[in-house]
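In the numbering used here, the protein residues as written are 216 to 593. What follows is a single structure, written as structure tokens, with notes after it.
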Amino acid sequence: MNKFKFACIIFLLFNLACKRSSPYSAYLTIPQESQDPILISSLFEEVEIIPIAGDPAFFPNELDKAMVSDQFIVVGDFTYSQSLYVIEKESWEIFPIPLRKGEGPNEAKEVSDFWIGNDFLYILDGVGKKILVMKIENNSISLLNAIALEVPLRKFAKTESGFVGLTGGGQEYALVFVDSNGKIITTHLPFSIEYLMTPMNPFHQVNDGNKSMVLLHTQFSPLIYRVDQGELVEYKSFAFGGEPLKTPEKTDFRLDQGGFDQFRATLQSQPSFFTIFEKTANQFLLFHIINEVPKMALVDGEFGLSFRFQNFKNDISFDQPFPKVIGVDKDKFLAFLFKDQINPSEAGFENSLLKTTMDSHPEKFIFLVQFKLKLDSI
């Protein structure tokens, strides 16, 4: 055997060994729990805290989702005001999007969700069974015609062929693809107790290099799907404790609170109840519950940590155990802090970046926080 053939065989064996030694490359691994207390600020790097300007009379009461275009950050309050707001990146000023509430063709009964794609803003009216379309151009947003939907949707995203959404209203299926006119293309995932609840933001725009994807995660399934190309494709699933998480075996419970509680009891021994999941190209964070204990998993490539909320030492000084991340901008996570959520009596507040920012802008009431995870030195 000549040296060239021998080198090729060694190279092939090396590649096979590497593949065998990384059996979970197709999984998003939830790390084992750390028992140590941790300062929240030690988990972040490249942190920016940006004060948001604007008329406080028009400020939202809560923010549940953020998506980013070249010129704007669009944010939605689905909890209280049922409204959308736009933040201009140059001035960092926030304005309510002029959207009329009502039953007219270009009015919304309920703002259920929104999506940004190709310089268009799509607003889902789940109760009114329609999508309002707005054009984003020249630092302005203008209303176009609405798209009537064949079925009611609770949450949705834009695809290459139209839209994809999680259904509601007694449908037989949980997921549907519709064309650009709102007509059904295909249906997926038989509706059951597993899809009775949806996460805060189940659809995610993820850019990995030159590849752009739309991912879907649900409240209880360990599977992550890719949905941007008009079909349901398994992307990755969650793994924990050296094994892939099992999909729920029994889902034929009654669709009421009692049935939901029975269903939850079958999943207590493994991570489930995936309320918050946000992903950049190399990092992700996940809120999950195991044995009734809420935890936050933070992962950066091969480094990962999970913490019980009680083990976070809140030296950033707001009134939640961990920032409520509601979106991403390229490789950074986005969260918002409201002035009345901040606790200045926390021990770490005195020397914090947040205090410095607030002291410099005492008239501001909302702050945008952008950060990356820093886990390799923990």
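C-beta: ideal position from N, C-alpha, C; glycine also.
Start and end of the beta strand (DSSP E) containing residue i?
i	result
M428	426 to 431
K350	345 to 352
S575	Segment 568 to 575 is the alpha helix (DSSP H) holding S575; no beta strand (DSSP E) there.
Y242	242 to 245
K280	280 to 283
P266	259 to 267
P311	309 to 311
D270	Unbroken run through D270: none, as it is neither H nor E.
K451	448 to 455
Q585	581 to 588
Y410	Where Y410 is concerned, there is no enclosing beta strand (DSSP E), given that its DSSP letter is neither H nor E.
Y295	First-last for Y295: undefined, no H or E at that position.
L339	335 to 340
Q434	It is not in any beta strand (DSSP E) - Q434 carries neither H nor E in the DSSP assignment.
V168	A query on residue 168 cannot be resolved here, the shown segment of the chain reaching from 216 to 593 and no further.
G332	328 to 332
S167	There is simply no residue 167 to check, as the chain begins at 216 and stops at 593 in what is shown.
Are the beta-carbon atoms of residue i and residue j separated by less than 8 Å?
i	j	result
V289	L336	yes
F455	P486	yes
S521	S249	yes
H576	P266	yes
I264	L569	yes
P246	G519	yes
Q386	F406	yes
I504	F524	no
T374	Q472	no
D544	V283	yes
D328	L339	yes
L590	L258	yes
I491	L278	no
I255	N529	yes
A361	N321	yes
F551	M511	no
H432	P414	yes
L447	Y410	no
F502	K547	no
I312	I346	no
Report back the beta-carbon spacing between residue i and residue j to the nearest angstrom; my notes put them in contact at under 8 Å.
i	j	result
V326	L299	6 Å
I399	V366	7 Å
D334	K350	7 Å
S306	A268	6 Å
G341	R369	5 Å
I253	F527	6 Å
F478	I408	5 Å
G377	V393	5 Å
N422	A496	7 Å
When we look at the beta-carbon of residue i and count the other beta-carbons within 10 Å, is it buried (16 or more) or exposed?
i	result
Q498	buried
Q420	buried
L359	exposed
T571	exposed
P437	buried
I581	buried
R235	Unreliable placement is indicated for R235, whose pLDDT of 33 sits below 50; no coordinate value is reported for it.
G319	exposed
E493	buried
S237	Its pLDDT being 37, under 50, S237 is placed unreliably by the model, and nothing is read from it.
V584	buried
S452	buried
M412	exposed
A389	buried
K192	In the structure displayed, the chain extends from 216 to 593; residue 192 sits before or after that span and is not available.
F287	buried
G516	exposed
F273	exposed
What is the residue span of the alpha helix (DSSP H) that residue i lies within?
i	result
R441	Segment 438 to 441 is the beta strand (DSSP E) holding R441; no alpha helix (DSSP H) there.
L470	Premise fails: L470 is in no alpha helix (DSSP H) and is neither H nor E.
> Could you give the uninterrupted runs of the beta strand (DSSP E) lying entirely in the region 485 to 564, keeping only those of 3 residues or more?
Replying inline: Counting whole runs of 3 or more residues, the region 485 to 564 contains the beta strand (DSSP E) stretches 487 to 494, 498 to 505, 508 to 515, 518 to 523, 540 to 544, 547 to 553.
> Which runs of the beta strand (DSSP E) fall wholly inside the region 361 to 394 and span at least 3 residues, in chain order?
Replying inline: Those beta strand (DSSP E) runs which fall completely within the region 361 to 394 and span 3+ residues are 368 to 373, 377 to 382, 388 to 394.
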